[in-house]
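Sequences listed follow chains A and B, in order.
All residue numbers for the first sequence refer to our numbering, where the first residue is 16 and numbers rise by one.
All residue numbers for the second sequence refer to our numbering, where the first residue is 11 and numbers rise by one.
We put the beta carbon where it would ideally sit given N, CA and C, even for glycine.
Presented below is the structure to which this report refers.
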Amino acid sequence: MPNSGNRAALAATSRAAAAILGGYALALAFTAATTLALQHGGAWARGEAMITAGMLAFVVYLLAALRAFVTPSATRAWAEPLAAAAALSAFAALLAA
Amino acid sequence: MDPLHAWTGVLFGALLFAIFLMGTLAVFDREIDRWAQPHTRVAGARGATGAPLRLDTALPHLQALAPEKAAFWLIYPPSERVPTLRLSWPAELGRGVRDLDPATGAALPEQGAPVGTQLFYPFHYNLHLKWANLGEWIVGLAAMAMLVAIVSGVATHRRIFRDLLALRPGRSLQRTALDLHNLCGVVALPFHFVITLSGVVIFIAVYLQPAIGWLYDGQRAAYAKEVLSRYSRPPARQAATQPIVSLDALAERARSHWAAAGEPGEVQLVIVRNPRNAEAVVEVRRAYERRVGLEAGTVYFDAASGELLHAERLPTASRVQRFITGLHMVQFDHWTLRWLYFAMGLAGCVTIATGSIVWVRKRAERHARLGLAGAGWVEALNVAAIAGLPLATVGVLLLNALPTSWWAGNGDPLTASMSWFFGLWAGSLLHAVLLRRGGRHWFQQCAAVAALAAADVLASSLGSADAWSHPAALGVNLALLGVSAGAGHAAWRLRQRSAAGARAFAGAAAGSAG
């Protein structure tokens, strides 16, 4: 039936957008938070912390993108990475202050 | 996971095929340059006595050729894969390039363009879309999609090892294509995953720019200094009053420095930054040789006084990133591994192409039953991606094998090559779209690839004496023969299939009439 087909397509597109954009936001927040955590918590140099966090961030991005397609609903597919990104951003802002 | 794998493939398949094909060609980018530019196939990187090369012979040429405001000059001493003394400088489109004979220092006459290193290789990572790094961002997105496709592809594959060993040629095209897709995907699976993830890691500074900018408060120089151990200084207001110090002397000092640091090596590249300025800097970079990690151990000198300004010392985490970069870029000296990368890259191209073909054929059959036309358009895009891009490649190679004045006119051969390359590709798309009802586009474009590849070999043989004796030219010619044979075989099989289909149709029509 055309209507439910369209709804399914919309949900799938929403998940894909969540995977791409939400995952990217999470990767950025992860990079910032991990860099600062390594600097302040582990006494790492800024450059080393940043490049380490950056390399790990892509793995985090991949996992987040995959997760967006198995969440119970499309709304969750957005909520999860954005909430995680917000939490990590707050943590990073705290460490930076 | 099944629809995820299928749709990632549908949306990104054409782009990923282009990236993988160009990347596979880039493994032998310098050899393709040798093939396209016969004048660079000089023998012997050094004089007969093995005397060290004089880099200073490059300076007068650069003074004359490079634009007044050029931000840098590049000088590549001869090496195994690039036997000329190669000069480069920033130009309107990409780089200006000139080759000098390493024995005499004279400029070599120009034939053809360095299509391997300046067309195919950059296309692979930036699609020649330089505005705001757009091409790099698109490639990065495609790379993440490839990773998703790999993971979801493995997840859908329940009987992964049994199916791996089942290659059934001679059955239907769908069956063979699917078997090839599984085989090439699984056999080189670690390669596909590592090459894709490492490709993304190379461009950390681009993709994570928002986070880096925030962490470094926008101080890009601080990032380059801390992470990459780079040295730079802004140009002074006045021009240089003194000539540049002998580059050969600086190269010798760099070699001693590397030897003393326990990492000996030869000079791979000399860069002169802000060459006509009072604050010019000479950078000397070391060849990678057997090192995987892309660490050049760069040494920086003041151009006027020769004072040592800085020597590269990478922090450990950066060395890891440089190692991952090196895993991807295959700049080390190891022919066996280089051929393995090439073979696995081809496997990746086959994986992506067969996946697209299988999906589109299934969808086209469904659309034919339902009287819809959409799949025809998607198939046309497939043809342009999978047959059209190789067609543009062998086409631009043919141009470079012909006398340059025939097709480049007064312009720069590289710019002309790029126009022809994209023109041929656009032409193939138009052709595929016009022939989308009936399926002759596959056959015609495969046949064209076969014909052009054979023409490439012929033109190369006629155009230069060492087309079959110089190892690089020989390798490319043999590969082109292989391409011609493969494309020709595909065209023949497609012809057979459509003839059989036409006979069946005619038989059915006759049967229903009688």
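The three-state secondary structure of B/Val204, taken from DSSP, is helix. Within the model, the alpha-carbon separation for B/Asn143 versus B/Asp43 is close to 26 Å. Exclusion of the five residues before and after B/Ala464 leaves Ser494 as the residues of its chain whose Cβ lies within less than 6 Å of its Cβ. The distance from the Cβ of B/Arg105 to that of B/Gln128 is about 7 Å, consistent with a contact at the 8 Å cut-off.
Contact note: B/Gln331 reaches chain A through Ile66, Met70, using a C-beta cutoff of 7 Å and chain order.
At a beta-carbon threshold of 8 Å, none of the residues of chain A lie near B/Leu26; the nearest stands roughly 16 Å away. Residues of the region 200–222 of chain B whose Cβ lies closer than 7 Å to any Cβ of chain A, in chain order: Leu207, Val210, Val211, Ile214, Leu218, Pro220, Ala221, Ile222. With distances taken between CA atoms, B/Ala249 lies nearest to B/Ala314 out of B/Ala314, B/Trp387, B/Leu444, B/Leu26. Inside the region 218–294 of chain B, DSSP marks whole alpha helix (DSSP H) runs of 4 or more residues at positions 219–225, 230–238, 257–270, from first to last along the chain. A/Leu81 is the residue among A/Gln54, A/Ser19, A/Leu81, A/Ala112 whose C-alpha sits nearest the C-alpha of A/Gly37. The Cβ-Cβ distance between B/Thr364 and B/Val158 does not fall below 8 Å. According to DSSP, residue pairing for B/Leu318 in a beta bridge involves B/Phe311.
Nearest in C-alpha terms to B/His138, of all of B/Ile362, B/Ala411, B/Thr425, is B/Thr425. In this structure, the beta-carbon distance from B/Val280 to B/Val294 falls below 8 Å. For B/Ala327, the closest Cβ of chain A is nearer than 8 Å. A/Pro96: member of the alpha helix (DSSP H) spanning 89–111, first to last residue. For A/Phe73, the nearest CB of chain B lies under 8 Å from its own CB, placing it at the interface with that chain.
At a cut-off of 8 Å between beta-carbon atoms, A/Phe106 makes no contact with chain B.
If you check the CB distance, B/Ala123 and B/Pro100 do not come in under 8 Å. Interface criterion not met: the Cβ of A/Arg91 is under 8 Å from no Cβ in chain B.
For B/Gln455, the closest C-alpha among the options B/Phe431, B/Asp343, B/Ala497 is that of B/Ala497. Put simply, the backbone Cα of B/Ser470 is about 34 Å away from that of B/Glu146.
Against chain B, a Cβ distance below 9 Å from A/Ala102 picks out nothing, because the smallest value is about 15 Å. In this structure, B/Tyr217 lies away from B/Tyr310, with their beta-carbon atoms at least 8 Å apart. The beta-carbon of B/Trp417 is placed no less than 8 Å from the nearest beta-carbon of chain A. Think of a sphere of 9 Å around the beta carbon of B/Val158: the chain A residues whose beta carbon falls inside it are Ala34, Leu77, Ala80, Leu81, Phe84, in chain order. With contacts defined by Cβ atoms closer than 8 Å, B/Ser427 and B/Val37 do not form a contacting pair. Using beta-carbon distances, B/Met339 does not count as an interface residue toward chain A, since no partner is under 8 Å. As computed with DSSP, B/Trp83 is found in a beta bridge with B/Val282. By the Cβ neighbour-count rule, B/Ser438 is buried, with 16 or more other Cβ atoms within 10 Å of its own.
For B/Met154, the nearest beta carbon of chain A is closer than 8 Å to its own beta carbon. Excluding its 5 nearest sequence neighbours in each direction, B/Gly384 has C-beta neighbours in its own chain below 7 Å: His377, listed in chain order.
Taking the Cα positions, B/Val340 is about 12 Å away from B/Arg332. Apart from sequence neighbours up to five positions away, the residues of its chain that approach B/Thr166 with a beta-carbon distance below 6 Å are Met11, Asp12, His15, ordered along the chain.
In the DSSP assignment, B/Val388 falls within the unbroken alpha helix (DSSP H) covering 384–393. The region 219–233 of chain B and the region 392–400 of chain B do not touch, with fewer than three beta-carbon pairs separated by less than 8 Å.
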